[in-house]
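Structure first, commentary second.
Number of protein chains: 6
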Amino acid sequence: MITTVCRNENFNAAHRLHNEQWDDEKNKTFYGLCNNPNYHGHNYDLTVKLTGEVDPESGYLMDMKVLSDLIKAEVINRFDHKNLNLDVPEFKGLNPTAENIAYVVYHKLKLKLPKQLELSVVLYETPRNYVEYHGK
Amino acid sequence: MITTVCRNENFNAAHRLHNEQWDDEKNKTFYGLCNNPNYHGHNYDLTVKLTGEVDPESGYLMDMKVLSDLIKAEVINRFDHKNLNLDVPEFKGLNPTAENIAYVVYHKLKLKLPKQLELSVVLYETPRNYVEYHGK
Amino acid sequence: MITTVCRNENFNAAHRLHNEQWDDEKNKTFYGLCNNPNYHGHNYDLTVKLTGEVDPESGYLMDMKVLSDLIKAEVINRFDHKNLNLDVPEFKGLNPTAENIAYVVYHKLKLKLPKQLELSVVLYETPRNYVEYHGK
Amino acid sequence: MITTVCRNENFNAAHRLHNEQWDDEKNKTFYGLCNNPNYHGHNYDLTVKLTGEVDPESGYLMDMKVLSDLIKAEVINRFDHKNLNLDVPEFKGLNPTAENIAYVVYHKLKLKLPKQLELSVVLYETPRNYVEYHGK
Amino acid sequence: MITTVCRNENFNAAHRLHNEQWDDEKNKTFYGLCNNPNYHGHNYDLTVKLTGEVDPESGYLMDMKVLSDLIKAEVINRFDHKNLNLDVPEFKGLNPTAENIAYVVYHKLKLKLPKQLELSVVLYETPRNYVEYHGK
Amino acid sequence: MITTVCRNENFNAAHRLHNEQWDDEKNKTFYGLCNNPNYHGHNYDLTVKLTGEVDPESGYLMDMKVLSDLIKAEVINRFDHKNLNLDVPEFKGLNPTAENIAYVVYHKLKLKLPKQLELSVVLYETPRNYVEYHGK
Numbered sequence: 005m006i007t008t009v010c011r012n013e014n015f016n017a018a019h020r021l022h023n024e025q026w027d028d029e030k031n032k033t034f035y036g037l038c039n040n041p042n043y044h045g046h047n048y049d050l051t052v053k054l055t056g057e058v059d060p061e062s063g064y065l066m067d068m069k070v071l072s073d074l075i076k077a078e079v080i081n082r083f084d085h086k087n088l089n090l091d092v093p094e095f096k097g098l099n100p101t102a103e104n105i106a107y108v109v110y111h112k113l114k115l116k117l118p119k120q121l122e123l124s125v126v127l128y129e130t131p132r133n134y135v136e137y138h139g140k
Numbered sequence: 005m006i007t008t009v010c011r012n013e014n015f016n017a018a019h020r021l022h023n024e025q026w027d028d029e030k031n032k033t034f035y036g037l038c039n040n041p042n043y044h045g046h047n048y049d050l051t052v053k054l055t056g057e058v059d060p061e062s063g064y065l066m067d068m069k070v071l072s073d074l075i076k077a078e079v080i081n082r083f084d085h086k087n088l089n090l091d092v093p094e095f096k097g098l099n100p101t102a103e104n105i106a107y108v109v110y111h112k113l114k115l116k117l118p119k120q121l122e123l124s125v126v127l128y129e130t131p132r133n134y135v136e137y138h139g140k
Numbered sequence: 005m006i007t008t009v010c011r012n013e014n015f016n017a018a019h020r021l022h023n024e025q026w027d028d029e030k031n032k033t034f035y036g037l038c039n040n041p042n043y044h045g046h047n048y049d050l051t052v053k054l055t056g057e058v059d060p061e062s063g064y065l066m067d068m069k070v071l072s073d074l075i076k077a078e079v080i081n082r083f084d085h086k087n088l089n090l091d092v093p094e095f096k097g098l099n100p101t102a103e104n105i106a107y108v109v110y111h112k113l114k115l116k117l118p119k120q121l122e123l124s125v126v127l128y129e130t131p132r133n134y135v136e137y138h139g140k
Numbered sequence: 005m006i007t008t009v010c011r012n013e014n015f016n017a018a019h020r021l022h023n024e025q026w027d028d029e030k031n032k033t034f035y036g037l038c039n040n041p042n043y044h045g046h047n048y049d050l051t052v053k054l055t056g057e058v059d060p061e062s063g064y065l066m067d068m069k070v071l072s073d074l075i076k077a078e079v080i081n082r083f084d085h086k087n088l089n090l091d092v093p094e095f096k097g098l099n100p101t102a103e104n105i106a107y108v109v110y111h112k113l114k115l116k117l118p119k120q121l122e123l124s125v126v127l128y129e130t131p132r133n134y135v136e137y138h139g140k
Numbered sequence: 005m006i007t008t009v010c011r012n013e014n015f016n017a018a019h020r021l022h023n024e025q026w027d028d029e030k031n032k033t034f035y036g037l038c039n040n041p042n043y044h045g046h047n048y049d050l051t052v053k054l055t056g057e058v059d060p061e062s063g064y065l066m067d068m069k070v071l072s073d074l075i076k077a078e079v080i081n082r083f084d085h086k087n088l089n090l091d092v093p094e095f096k097g098l099n100p101t102a103e104n105i106a107y108v109v110y111h112k113l114k115l116k117l118p119k120q121l122e123l124s125v126v127l128y129e130t131p132r133n134y135v136e137y138h139g140k
Numbered sequence: 005m006i007t008t009v010c011r012n013e014n015f016n017a018a019h020r021l022h023n024e025q026w027d028d029e030k031n032k033t034f035y036g037l038c039n040n041p042n043y044h045g046h047n048y049d050l051t052v053k054l055t056g057e058v059d060p061e062s063g064y065l066m067d068m069k070v071l072s073d074l075i076k077a078e079v080i081n082r083f084d085h086k087n088l089n090l091d092v093p094e095f096k097g098l099n100p101t102a103e104n105i106a107y108v109v110y111h112k113l114k115l116k117l118p119k120q121l122e123l124s125v126v127l128y129e130t131p132r133n134y135v136e137y138h139g140k
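Residue numbers (our numbering), protein chains in the order written: chain S, 5 to 140; chain Y, 5 to 140; chain F, 5 to 140; chain C, 5 to 140; chain B, 5 to 140; chain R, 5 to 140.
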């Protein structure tokens with residue numbers, strides 16, 4: 005029996021989109037308001053999805069409490085109430101677009117999860133803008 | 005034209021996670037609060053997804069009213085305002101984890117649906133914990 | 005400057021509506037499915053609202069973290085993953101209707117909050133059924 | 005790096021389900037309330053999903069502002085506050101079921117999007133009834 | 005013990021804003037897209053709030069099932085899948101703005117509810133536009 | 005006929021809670037994570053409520069499009085994708101707590117609205133933390 009379990013967590017962070025290879029003019033034109041040098045911020049909603057075999061003995065694919073604790077240790081405690089550009093080393097030199105945040109979250113979690121589980125990450129920057137990343 | 009139609013229904017039920025093969029100590033340690041012998045409960049949200057060919061004459065894959073009535077007859081009327089462990093025969097000897105509830109719902113509906121339609125079930129135990137099952 | 009701050013928390017519990025003064029027939033007719041002797045359950049959503057003067061020095065009416073911790077200590081830790089009828093002493097002899105749960109929550113919190121703050125409690129039994137109680 | 009970006013927009017429209025090949029009796033029996041000759045309406049929620057390679061320079065799969073502007077130009081400005089049957093030429097002779105609306109939206113957007121991006125459309129007719137279309 | 009119980013129901017309807025005392029030009033300028041002669045529509049969300057004394061015997065202010073049935077009989081069955089302008093007699097000569105719909109719903113329900121209960125009506129035309137009416 | 009119309013808008017901003025009269029130690033202890041010197045951020049949800057007489061001719065208390073445009077001109081365009089502490093002059097010397105943001109929004113809008121309308125402002129910092137301000 006193959007199933008997918010999903011857990012939602014969230015974090016509130018500041019960020020700025022800016023490519024250091026481009027001049028200020030190009031950054032401002034391309035990223036618009038998201039390039040504000042003083043940062044802006046979001047309530048990010050994160051859904052982590054794991055696909056694999058359900059353990060017939062426990063009826064669990066993975067204990068949701070264990071999954072929640074892992075997401076908190078690896079992601080929430082490091083991103084929440086932070087400035088992604090300045091406070092989170094993974095974004096030194098990597099633009100914190102929703103696409104890149106999902107990529108970073110995926111790889112931080114992948115390292116700590118049982119190898120046989122397939123991982124997907126859904127990251128909502130706002131209720132209307134979100135990104136799905138499956139590790140490909 | 006292949007499409008997927010989705011219908012959301014819900015039911016409110018009590019349940020308890022407990023493996024009769026394990027002693028009380030192990031159950032308590034493993035399932036934590038979910039092992040409370042007096043039960044706890046949830047507002048379960050259920051989304052049923054059907055994939056198949058749209059009928060060009062009616063413009064429907066399946067009449068949503070018919071689908072809703074089927075989900076009510078097979079699932080909601082049997083699970084709503086019930087104790088899943090005590091009142092629902094499918095969970096005699098099967099732990100009502102979200103994974104197992106999705107499995108039971110899938111197989112109850114599968115029997116009654118046109119064979120050519122692919123079925124998926126999404127079961128929300130809370131807005132933050134949910135399970136997807138595709139029958140594999 | 006008078007304002008209202010609001011904090012949402014939630015708990016998942018089993019309950020049963022049953023009046024011990026009435027016979028089984030009357031209970032079943034009056035409470036319908038909610039009278040199921042084996043209990044059913046809900047994801048309860050609780051909003052606590054406090055009205056009072058904002059402290060001009062801190063810009064806070066009350067620290068939301070402190071308010072959240074108080075709600076957890078007084079309500080969530082005692083109601084979550086519990087059977088309200090059997091596990092929560094406040095409902096010995098008091099029917100755990102949404103009206104009565106809101107009443108109990110109000111009075112538990114009122115005792116611990118600064119006297120000068122006006123308190124309201126909103127309790128969602130489901131997203132479609134909820135109760136507001138202002139202590140009158 | 006392959007990812008999926010998703011953008012939500014919405015429109016409010018009237019519609020009626022009616023097959024001109026069928027007599028009134030059959031239409032009424034089959035479509036029920038949705039066949040009301042004077043129309044009814046919905047707040048439609050539309051999610052557009054694009055899958056493809058993230059541009060490593062910008063960190064974007066596609067600029068969400070550009071995507072939003074495209075959805076507005078192609079869909080929202082033409083469907084919002086309209087009668088789908090009478091005001092939107094795509095539904096002359098095509099029943100505006102959720103399945104068919106998703107199909108029309110898909111093909112209007114597909115024409116204007118970069119060819120290498122995979123497109124999916126999710127159309128909510130109500131929060132409980134929705135359709136997913138992937139262009140197959 | 006004075007409390008407020010709230011029940012949410014919904015209906016899907018077409019409508020058009022148009023003042024027959026005004027010429028077409030003025031109607032179009034004033035109501036904009038909402039004046040479309042072919043109508044548009046919404047998923048209306050309705051919350052009915054009742055304030056009064058809780059019955060100490062039952063623990064209910066009013067049975068939510070009874071309240072839901074009343075709202076369905078008086079409002080939902082008459083408004084759902086209808087054209088408010090053409091199919092609902094209360095809007096003959098009364099513009100179906102959200103303000104006026106809330107007014108009509110209030111007075112239809114008020115007639116059927118126990119006199120000692122205070123009534124409020126909240127009507128969502130969209131998730132972003134809504135109206136509250138307390139009968140004053 | 006007195007009614008209340010409500011309009012929801014939103015903005016995404018960075019902020020930091022810090023009292024310049026206090027030393028760093030006290031700020032850090034009191035505001036916790038919210039004192040991060042590099043800022044964090046939120047998707048703020050703003051509901052503006054206006055109470056007054058409905059115009060019997062138009063059926064409107066106030067045109068929602070006009071209200072939306074006013075909120076955008078006065079609040080959204082000035083706060084969205086900004087750093088509230090650094091980019092918004094109203095918060096020079098005023099801590100951008102939810103309480104103070106609601107206060108500032110209220111007074112900016114009050115100046116531009118018809119005097120006979122009563123104004124309330126609801127500001128969601130997160131879906132679980134929000135503030136209501138009625139101008140008292």
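The beta-carbon is built from N, C-alpha and C at its ideal position, and this holds for glycine as well.
Three-state secondary structure (DSSP) of residue i
{"i": "C:Arg82", "result": "helix"}
{"i": "F:Thr28", "result": "The question names Thr, but residue 28 of chain F in the sequence shown is Asp. Three-state DSSP puts F:Asp28 in a helix."}
{"i": "C:Ser72", "result": "helix"}
{"i": "S:Tyr64", "result": "coil"}
{"i": "B:Val9", "result": "strand"}
{"i": "S:Asn39", "result": "helix"}
{"i": "B:Thr33", "result": "helix"}
{"i": "R:Leu90", "result": "helix"}
{"i": "F:Val58", "result": "coil"}
{"i": "B:Leu113", "result": "helix"}
Candidates the options: closest to residue i by CA position
{"i": "Y:Tyr110", "options": "Y:Ala102, Y:Pro100 and Y:Val125", "result": "Y:Val125"}
{"i": "C:Tyr128", "options": "C:Leu113, C:Ala106, C:His138 and C:Glu29", "result": "C:Ala106"}
{"i": "Y:Met5", "options": "Y:Lys112, Y:Pro60 and Y:Asn99", "result": "Y:Pro60"}
{"i": "S:Leu71", "options": "S:Glu94, S:Leu21 and S:Leu123", "result": "S:Leu123"}
{"i": "B:Thr51", "options": "B:Pro118, B:Tyr43, B:Met68 and B:Gln120", "result": "B:Met68"}
{"i": "Y:Glu103", "options": "S:Leu54, S:Tyr35 and S:Asn47", "result": "S:Leu54"}
{"i": "S:Arg132", "options": "S:Lys96, S:Asn47, S:Tyr64 and S:Gln25", "result": "S:Asn47"}
{"i": "Y:Thr130", "options": "F:Gly97, F:Asp49 and F:Glu24", "result": "F:Asp49"}
{"i": "C:Leu90", "options": "C:Pro41, C:Lys30 and C:Tyr134", "result": "C:Pro41"}
{"i": "B:Met66", "options": "F:Phe95, F:Leu65 and F:Phe34", "result": "F:Phe34"}
{"i": "Y:His19", "options": "Y:Glu94, Y:Ser62 and Y:Gly63", "result": "Y:Glu94"}
{"i": "Y:Gln25", "options": "Y:Val108, Y:Ser62, Y:Gly97 and Y:Glu136", "result": "Y:Gly97"}
{"i": "Y:Ser62", "options": "C:Lys30, C:Val108, C:Lys140 and C:Glu136", "result": "C:Lys30"}
Close Cβ partners of residue i (< 7 angstroms) along its chain, the five nearest in sequence each way excluded
{"i": "S:Lys32", "result": "Asn39"}
{"i": "Y:Lys86", "result": "Ala17 and Val92"}
{"i": "S:Lys140", "result": "none"}
Proximal residues to residue i (C-beta, below 8 angstroms), its chain only, five neighbours per side dropped
{"i": "F:Leu74", "result": "Leu113, Lys116 and Leu117"}
{"i": "B:Gln120", "result": "Gly56 and Glu57"}
{"i": "R:Leu37", "result": "His44"}
{"i": "B:Asn99", "result": "Leu21, His22 and Asn23"}
{"i": "C:Lys76", "result": "Glu13"}
Residues of its chain near residue i, where Cβ-Cβ distance is below 6 angstroms and the 5 sequence neighbours each way are ignored
{"i": "R:Thr8", "result": "Lys53 and Thr55"}
{"i": "R:His138", "result": "Ser124"}
Rounded Cβ spacing between residue i and residue j (contact assumed at less than 8 angstroms)
{"i": "Y:Tyr134", "j": "C:Thr101", "result": "Not confirmed; about 28 angstroms, so no contact."}
Is the segment 12-19 of chain F touching the segment 67-83 of chain F, taking contact as three or more C-beta pairs under 8 angstroms? Touching, yes.
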